[in-house]
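Numbering (the working numbering), first residue to last: 427 to 885.
Encoded as structure tokens, the structure appears first; notes follow it.
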């Protein structure tokens, strides 16, 4: 899979901006750059310059000057890709940036595939696979928690934990194999009890990592949240308050919202993928009935349901239907229109729904801070401390951890059943290999290609 040809791409977003960057990497990166770059006096060549230096000059296509630039020279292995790398900092117009890239390609580079720079960093041993995946997570971060978690993973928090576990497992594998090969000098007497302790400790660490993946998914993807309630309960008004602008149509006419409206918002660093739905009620209106059906379908797949109750109206059969639906689901109930004379009480709804109830007024925008705190406490196990907590945010990592945990539990079971020592070695090796998938030490080419295909161009 290792390529030595020279690649190039635009590393900044396409659009008019103050600066644009064209990145070149590979064995011929410096030579390619020298073919298009001219210093002010026209005498210097990048090939004779030191690494990690910046040079002023012009990018030229033959005798035509394309742009005035700064060129950054980084010789391998002291670069992101661990290859010779040149970055051309030019003016950020779309036309000029593209023309510089075209000139570089004419000079001998080829266009980079999506994620190929990071892929080369992985293949050249500059970073492991979990760190490579963290690069795209940093780019795609939707909130402060996601960004901090991704940066910690990029710095190697997941790698260190996984490599530490693998080292412990590998030591036990080596000990068992050595003892089986040389029983006269290496005794296995009492080893089962020792290995059982090691397996128990590994089980605890793996379980903790897997448990963090629940928080991790919420951090990276956001909480899929559906707002349910009867018509005119204030769902759309709440949606507008949370979003911070008038996205949903609000009227006094029941059944105004007939389809689902989706928005992404951030509350105290927590991402909500929030869906406003049609009011839940029995209706003969064909279009409204479709909207109600879609609302219930969305609620079926939700991580969180926000049930909005109109506190100025008596509960009816539609309310009972919603409360029965949310009874065993993760939900919070909002007693809306607290600015009006209440007809139902917090205690009555709490008893009927089995969920915490918060009095709010979407009109007056009161009580929203309590809703934010309640959501945070529902989804995060205590405060998230990124200084020492490893957070699993990647579904692929979580799957590999679960498979490794199963193998460790098989080791414990084999010990309890008095199985021969070579059985332990088989399951330990399987756990070792599953953990290796996370850092990329035992991964197939197709998976690597799939991972990096999701990256943006130039990264």
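Positions of the beta carbon are idealized from the N, C-alpha and C atoms, including for glycine.
Alpha-carbon spacing of residue i relative to residue j, whole angstroms
i, j, result
"residue 522", "residue 446", "9 Å"
"residue 752", "residue 761", "15 Å"
"residue 465", "residue 866", "42 Å"
"residue 506", "residue 794", "45 Å"
"residue 622", "residue 837", "8 Å"
"residue 551", "residue 577", "19 Å"
"residue 858", "residue 833", "9 Å"
"residue 496", "residue 733", "57 Å"
"residue 848", "residue 602", "7 Å"
"residue 553", "residue 541", "14 Å"
"residue 729", "residue 574", "23 Å"
"residue 624", "residue 592", "12 Å"
"residue 502", "residue 533", "21 Å"
"residue 887", "residue 799", "Shown here, the chain extends from 427 to 885; a query on residue 887 therefore has no answer."
"residue 662", "residue 702", "6 Å"
"residue 514", "residue 876", "29 Å"
"residue 779", "residue 750", "7 Å"
"residue 731", "residue 743", "19 Å"
"residue 774", "residue 748", "15 Å"
"residue 851", "residue 804", "41 Å"
"residue 450", "residue 582", "26 Å"
"residue 508", "residue 430", "11 Å"
"residue 677", "residue 802", "Because residue 677 carries a pLDDT of 39, less than 50, the predicted location of this residue cannot be relied on, and the following value inherits that uncertainty. Whole-angstrom Cα-Cα distance: 31 Å."
"residue 853", "residue 787", "57 Å"
"residue 440", "residue 565", "15 Å"
"residue 494", "residue 692", "41 Å"
"residue 825", "residue 669", "34 Å"
"residue 562", "residue 874", "14 Å"
"residue 437", "residue 498", "14 Å"
"residue 792", "residue 820", "36 Å"
Three-state secondary structure assigned by DSSP to residue i
i, result
"residue 431", "coil"
"residue 407", "Here the chain has residues from 427 to 885 only, and residue 407 is not among them."
"residue 729", "coil"
"residue 792", "strand"
"residue 862", "helix"
"residue 833", "helix"
"residue 689", "strand"
"residue 699", "strand"
"residue 451", "strand"
"residue 562", "helix"
"residue 581", "coil"
"residue 445", "coil"
"residue 720", "helix"
"residue 536", "strand"
"residue 801", "helix"
"residue 841", "helix"
Given residue i as reference, the closest of the options once Cα atoms are compared
i, options, result
"residue 739", "657, 884, 433 and 816", "657"
"residue 818", "430, 585 and 516", "585"
"residue 620", "604, 598 and 631", "598"
"residue 630", "581, 879, 835 and 449", "835"
"residue 467", "614, 482 and 698", "482"
"residue 776", "880, 789, 759 and 769", "759"
"residue 782", "769, 549, 820 and 797", "797"
"residue 486", "546, 474, 525 and 688", "525"
"residue 772", "763, 765, 784 and 766", "784"
"residue 512", "786, 472 and 618", "472"
"residue 491", "498, 516 and 653", "516"
"residue 435", "444, 460 and 544", "544"
"residue 664", "880, 763 and 831", "763"
"residue 452", "442, 527 and 546", "546"
"residue 580", "699, 634 and 555", "555"
"residue 548", "878, 883 and 884", "878"
"residue 884", "454, 725, 559 and 538", "538"
"residue 628", "594, 616 and 792", "594"
Tell me the start and end of each unbroken alpha helix (DSSP H) in the region 457–519 that is at least 4 residues and wholly inside, in chain order.
Runs of the alpha helix (DSSP H) spanning 4 or more residues and lying entirely within the region 457–519 do not occur at all.
Please give the ranges of any alpha helix (DSSP H) in the region 734–788, keeping only runs that are unbroken, at least 4 residues long and fully inside the region.
Entirely contained in the region 734–788, the alpha helix (DSSP H) runs reaching 4 residues are, in chain order, 743–752 and 772–779.
Does the structure place the region 852–866 close enough to the region 507–521 that three or more beta carbon pairs sit under 8 Å?
Because the criterion of three Cβ pairs below 8 Å is not met, the region 507–521 and the region 852–866 do not touch.
At which residue ranges does the region 587–662 contain complete alpha helix (DSSP H) runs of 4 or more residues, listed in the order of the chain?
The qualifying runs are 617–647.
Given 8 Å, three or more beta-carbon pairs between the region 658–670 and the region 726–739
Counting Cβ pairs under 8 Å, three or more are found: they touch.
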